[in-house]
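Notes follow the structure.
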Amino acid sequence: MTVLDREQVLSAFKNRKSCRHYDATRKISAEDFQFILELGRLSPSSVGSEPWQFVVVQNPEIRQAIKPFSWGMADALDTASHLVVFLAKKNARFDSPFMLESLKRRGVTEPDAVEKSLARYQAFQADDIKILDDSRALFDWCCRQTYIALANMMTGAAMAGIDSCPVEGFNYADMERVLSGQFGLFDAAEWGVSVAATFGYRVQDIATKARRPLEETVIWA
């Protein structure tokens with residue numbers, strides 16, 4: 001594995017800024033966007049659940065359909081090279097088929113090993129983070145995992161010279177209605193909208209990043 005220079009990594013983080021105005025004439029190559037999607041796919045998640053799907057919205061008809069309620073990316077919908085809507089799994093209980101499949105995918109197939117893993121997941125969901133009996137809390141837990149993938153995709157894009165912007169500025173019910181109900185892109189009984197992100201190339205300079213100093217951010221114990 002090639003170890004990157006710290007300054008190169010820091011430079012990418014400093015240069016990554018939320019881009020709201022894209023150059024409509026510049027498109028991300030298919031190879032580069034596959035790279036970005038792969039960063040999302042390879043991202044870590046709680047108990048290895050991978051409770052996400054990435055909806056890549058390139059169809060102009062769909063972009064126009066979501067524009068009236070997507071105030072946080074209204075301009076970008078016309079200019080961004082790529083738009084990704086992140087879905088999170090619904091009802092990801094410890095004993096759901098989805099969680100059982102995640103165990104199988106990671107090679108946990110022996111009955112005793114499966115039983116022990118499920119017991120550990122049950123205790124985690126019921127006692128540690130107390131989400132087991134609350135469908136909204138279960139969904140929010142899965143939503144949190146999608147933000148890990150989102151961050152990795154945006155950071156990786158920045159390291160490749162590609163701009164991006166995370167987006168929560170839209171009506172979630174309407175987004176689900178259009179993508180699932182109108183265009184049939186996913187089953188709303190199984191998946192829900194978590195967050196979105198635009199990708200492309202900036203058309204103008206972006207203001208210098210402002211962040212709290214490290215001494216106000218870190219608590220040493």
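If you number the sequence shown the way full-length UniProt numbering does, the last residue is 221 and the count never jumps.
We put the CB at the ideal spot given by N, CA and C, even for glycine.
Beta-carbon proximity of residue i to residue j, cut-off 9 Å
i	j	result
valine 167	threonine 198	yes
isoleucine 62	leucine 179	yes
methionine 154	arginine 16	yes
cysteine 143	alanine 88	yes
phenylalanine 139	asparagine 91	yes
cysteine 165	methionine 73	yes
alanine 173	valine 85	no
alanine 123	isoleucine 131	no
Supposed contact pair residue j and residue i - C-beta distance, whole angstroms, cut 8 Å
i	j	result
glycine 40	alanine 149	4 Å
glycine 200	cysteine 19	7 Å
serine 81	tyrosine 22	7 Å
Terminal residues of the alpha helix (DSSP H) in which residue i lies
i	result
glycine 156	135-159
glutamine 64	60-66
serine 102	97-105
phenylalanine 35	30-41
lysine 14	6-15
aspartate 78	76-79
Buried/exposed call for residue i, threshold 16 Cβ in 10 Å
i	result
glutamine 125	buried
valine 3	exposed
tryptophan 52	buried
threonine 79	buried
alanine 157	buried
Run of the beta strand (DSSP E) containing residue i, from where it starts to where it stops
i	result
aspartate 112	Careful: aspartate 112 lies outside any beta strand (DSSP E), inside the alpha helix (DSSP H) at 111-123.
alanine 88	82-89
threonine 208	Unbroken run through threonine 208: none, as it is neither H nor E.
alanine 197	191-200
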